[in-house]
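> Residue numbers (this note's numbering): 10 to 261.
Structure, rendered in structure tokens:
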């Protein structure tokens with residue numbers, strides 16, 4: 010479900026569950042985390058993250074997510090492992106985004122260094138609609154890159170947004186109508202040719218608030234886990250699985 014290719018000092022990580030729009034399950038988080046952590050020792054100088062089948066990721070696989078949460082902390086632990094690995098990655102990370110970028114598919118982009126997307130990509134952070142709260146420090150980073158008003162709009166309404174809005178809000182470096190992959194390759198190859206130590210030092214200097222980001226990841230996750238047990242979340246997820254309308258009387 011996760012493919013890795015190391016070529017010319019560029020590690021490409023591919024999320025591959027195309028039949029499920031690359032919806033993420035615990036094992037995928039674990040494999041991606043390990044790949045990111047091992048990348049420097051493997052000789053990678055740049056990491057590219059992409060999805061198979063013309064889609065980035067639809068976020069968590071909801072049925073799998075619900076089962077994992079009911080069984081214990083496995084899903085959360087695997088997700089947290091991935092979050093920490095990407096946050097602490099010393100190498101530049103380039104995301105190739107197309108199709109859908111939902112939930113963590115959007116929030117992980119805030120932790121990448123270059124995000125190139127197709128013009129028809131659809132983004133969403135629908136946590137509020139599921140009775141949940143933001144994750145991956147999005148409630149900390151978004152107000153700082155997009156301003157409070159835009160952050161509130163995205164996180165309090167939870168509506169989908171397009172590539173243009175994503176760029177305006179600081180998710181996206183550039184938008185492409187054609188040759189997205191070629192543009193990603195150009196960026197990755199250019200980065201791989203830069204002085205490795207200076208490049209890593211530059212990234213570290215750009216991210217000196219890592220401790221604050223890490224704290225907000227933990228703060229959000231604590232509330233997120235508590236919210237998962239709420240009546241509102243139970244109703245939202247049950248309605249999703251049963252493919253029916255939500256009973257808003259239970260949204261308290």
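Built from N, CA and C at the ideal position, the CB exists for glycine as well.
(1) DSSP on residue 96, reduced to helix/strand/coil?
(2) Does any residue of chain C bring its CB to less than 8 Å from the CB of residue 234?
(3) So, helix, strand or coil for residue 65, using DSSP?
(4) Going by DSSP in three states, residue 128 sits in which element: helix, strand or coil?
(5) Going residue by residue through the stretch 144 to 182, where are the continuous alpha helix (DSSP H) segments of at least 4 residues, counting only ones entirely within it?
(6) Can you give the beta carbon distance from residue 233 to residue 144, rounded, assuming they're within the 8 Å contact cut?
(7) Drop a sphere of 10 angstroms on the beta-carbon of residue 257, count the other beta-carbons inside from all chains shown, and report buried for 16 or more, exposed for fewer.
(8) Using the Cβ count rule (16 or more neighbours within 10 Å means buried), how would you classify residue 198?
(9) Leaving out five residues before and five after residue 88 in sequence, what residues of the same chain have Cβ atoms less than 6 Å from its Cβ?
(10) Under three-state DSSP, which class holds residue 252?
(11) May I ask you to report which of helix, strand or coil DSSP gives residue 74?
(12) Can you name the start and end residues of the beta strand (DSSP E) that residue 14 belongs to?
(13) Between which two residues does the beta strand (DSSP E) containing residue 114 stretch?
(14) Buried or exposed for residue 105, please, with buried defined as at least 16 other CB atoms from any protein chain shown within 10 angstroms of its CB.
(15) Which residues mark the beginning and the end of the alpha helix (DSSP H) in which residue 45 is found?
(16) Using beta-carbon positions only, say whether residue 125 and residue 215 come within less than 8 Å of one another.
(17) Can you tell me whether residue 195 is buried or exposed, with buried defined as 16 or more other CB within 10 angstroms of its CB?
(18) Can you tell which of 130, 95, 101 and 121 has its C-alpha closest to the C-alpha of residue 110?
To lay it out plainly:
(1) Position 87 of the chain shown, counted from the start, is the residue given in the question as residue 96. Residue 96 falls in the helix class under three-state DSSP.
(2) In the structure shown, chain C does not exist; there is a single protein chain.
(3) Mapped onto the chain shown, residue 65 falls at position 56. Residue state, collapsed to three classes: coil.
(4) Within the chain shown, numbered from 1, the residue matching residue 128 stands at position 119. Coil at residue 128, not helix or strand.
(5) 147 to 155, 157 to 161 and 172 to 177
(6) Within the chain shown, residue 233 is the residue found at index 224, counting from 1. Within the chain shown, residue 144 is the residue found at index 135, counting from 1. With 8 Å as the limit, residue 233 and residue 144 qualify as a contact, their Cβ atoms being about 6 Å apart.
(7) By one-based count along the chain shown, residue 257 stands at place 248. By the 10 Å Cβ count, residue 257 comes out exposed.
(8) By 1-based counting over the chain shown, the position of residue 198 is 189. So residue 198 counts as exposed.
(9) As a working note, residue 88 is residue 79 in the chain shown. If we look at residue 88 and ignore the five residues flanking it on each side, its Cβ neighbours are 38.
(10) The residue you call residue 252 lines up with position 243 of the chain shown. Three-state DSSP puts residue 252 in coil, outside helix and strand.
(11) Locating residue 74 in the chain shown gives position 65, counting from the first residue. Three-state DSSP puts residue 74 in a helix.
(12) Taking the first residue of the chain shown as position 1, residue 14 is located at position 5. Counting along the chain, the beta strand (DSSP E) containing residue 14 begins and ends at 11 to 16.
(13) Position 105 of the chain shown holds residue 114. That residue, residue 114, is in no beta strand (DSSP E); its alpha helix (DSSP H) goes 113 to 116.
(14) Here residue 105 is taken as the residue at index 96 of the chain shown, counted from 1. That one is buried.
(15) The sequence position of residue 45 within the chain shown is 36, counting from 1. Counting along the chain, the alpha helix (DSSP H) containing residue 45 begins and ends at 35 to 51.
(16) Here residue 125 refers to the residue found at position 116 when the chain shown is read from its first residue. Here residue 215 refers to the residue found at position 206 when the chain shown is read from its first residue. Cβ atoms of residue 125 and residue 215: not closer than 8 Å.
(17) The count along the chain shown starts at 1 and reaches residue 195 at position 186. Counting Cβ neighbours within 10 Å, residue 195 comes out exposed, since fewer than 16 surround it.
(18) Along the chain shown, read from residue 1 onward, the residue named residue 110 stands at position 101. It is 130 whose Cα lies nearest to the Cα of residue 110.
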